[in-house]
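**Q**
In the numbering used here, the protein residues as written are 218 to 484.
1) Would you check if there are 3 or more beta carbon pairs closer than 8 Å linking the region 413-422 to the region 350-361?
2) Give me the residue from 340, 379, 429 with the minimum Cα distance to residue 444.
3) Using only alpha-carbon positions, find the residue among 408, 447, 349 that is nearest to residue 363.
4) Thinking C-alpha only, which one of 372, 430, 306 is nearest residue 329?
5) Residue 419 lies in the alpha helix (DSSP H); which residues open and close that run?
6) Determine the direct distance from the alpha carbon of residue 342 to that of residue 450, and round the result to whole angstroms.
7) Taking CB distances under 7 Å as the criterion, tell me whether residue 343 reaches chain B.
8) Along the chain, where does the alpha helix (DSSP H) that runs through residue 447 open and close?
9) Given residue 418, which residues of its chain have a CB within under 6 Å of its CB, disregarding the five upstream and five downstream residues?
10) How would you label residue 464, buried or exposed, when you count the other beta carbons within 10 angstroms and need 16 or more for buried?
11) Could you pull the start and end residues of the alpha helix (DSSP H) that residue 426 belongs to?
12) So, using beta-carbon positions, are residue 318 and residue 382 closer together than 7 Å?
13) Enumerate in chain order the residues of its own chain whose CB-to-CB distance from residue 333 is below 7 Å, with the five nearest sequence positions on each side excluded.
14) Suppose you measure from the CA of residue 351 to the CA of residue 297; what does that come to, to the nearest Å?
15) Which complete alpha helix (DSSP H) runs does the region 307-374 hold, if anything under 4 residues is left out?
16) Spatial neighbours of residue 466 within its chain, please: CB distance less than 6 Å, with the 5 preceding and 5 following residues excluded, ordered by chain position.
So this is what it looks like as structure tokens:
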């Protein structure tokens with residue numbers, strides 16, 4: 218048997234103090250909970266609980282009521298917004314009646330990325346052949362704006378993770394191809410169209426209205442075929458325009474890619 222160390226009395230004293238302290242806390246907690254239950258079940262309204270328990274319970278009830286009220290208000294606001302979004306989409310879809318318009322807008326909704334990418338590539342190749350630095354710069358800006366827009370767009374899509382419009386609620390089904398591989402918010406096609414239109418409009422000022430009109434048509438086509446809600450399209454337009462503005466104006470990008478010279482607008 219090992220000899221008792223000199224520290225044993227100190228250790229035993231600590232254990233005893235801890236034991237009685239825990240016993241006291243448990244007893245006080247049990248008594249407090251019991252009194253709280255008795256007080257809640259009693260027809261007397263005079264609190265028999267200690268003041269801390271009474272005040273805590275009152276504050277807790279007030280807090281719970283406020284949280285429930287805010288939750289109901291937020292849910293109602295969200296529901297109202299979603300209903301408005303759906304109603305607007307149904308209004309757009311209800312206009313789908315003419316086959317020519319159907320095929321035209323379906324085609325726009327499908328090929329808009331190819332239009333933007335193809336024209337950007339055409340500008341860059343033409344600039345390379347003609348050794349036109351100004352045209353080459355705008356091609357680089359357009360590529361940077363489109364890539365930046367799509368990166369942020371994809372991140373937002375999967376962070377927000379909004380479902381696409383319900384197929385069962387749609388009045389119209391596309392005649393061509395309608396793919397919904399990613400979440401709904403924001404609209405990537407619309408974002409790219411507005412980024413492309415704003416960048417090209419900065420270079421070719423006299424065509425800016427036409428380019429923005431094309432971007433608006435691209436966004437409308439996404440609602441027309443039921444790919445996106447109106448809020449998706451609006452957010453996509455805002456995203457694309459904002460990213461293109463940052464790309465056009467950011468001084469570091471200008472210094473890195475454009476040799477510190479601004480491109481001239483073609484008259």
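We put the CB at the ideal spot given by N, CA and C, even for glycine. Keep in mind that this is a model prediction, so the values were computed, not measured.
**A** Let's see:
1) yes
2) In the chain shown, residue 444 corresponds to position 227, counting from 1. Nearest option by C-alpha distance: 379.
3) Counted from its first residue, the chain shown places residue 363 at position 146. The candidate whose alpha carbon is nearest that of residue 363 is 408.
4) The count along the chain shown starts at 1 and reaches residue 329 at position 112. The residue from 372, 430, 306 with its alpha-carbon nearest to that of residue 329 is 430.
5) As a first step, residue 419 is located in the chain shown; it is residue number 202 there, counting from the start. That run of the alpha helix (DSSP H) goes 405-420.
6) The residue you call residue 450 lines up with position 233 of the chain shown. The residue you call residue 342 lines up with position 125 of the chain shown. The straight-line gap from Cα to Cα measures roughly 31 Å.
7) No chain B is part of this structure, which consists of one protein chain only.
8) Counting from one through the chain shown, the residue named residue 447 turns up at place 230. 447-466 is the extent of the alpha helix (DSSP H) around residue 447.
9) Start at 1 with the first residue of the chain shown, and residue 418 comes out as number 201. For residue 418, where only same-chain residues beyond five positions count, the Cβ hits under 6 Å are 425, 428.
10) Taking the chain shown and counting its residues from 1, one reaches residue 464 at position 247. Classification for residue 464: buried.
11) Walking along the chain shown from the start, residue 426 turns up at place 209. Start and end: 425-441.
12) Along the chain shown, read from residue 1 onward, the residue named residue 318 stands at position 101. Along the chain shown, read from residue 1 onward, the residue named residue 382 stands at position 165. Not a contact, by the Cβ cut-off of 7 Å.
13) The sequence position of residue 333 within the chain shown is 116, counting from 1. Excluding residues within five positions, the ones whose Cβ falls inside 7 Å are 363, 409, 410, 413.
14) Here residue 351 corresponds to residue number 134 of the chain shown, with the count starting at 1. Here residue 297 corresponds to residue number 80 of the chain shown, with the count starting at 1. Each residue's Cα considered, the two are about 49 Å apart.
15) 316-347
16) The count along the chain shown starts at 1 and reaches residue 466 at position 249. Nothing meets the Cβ criterion.
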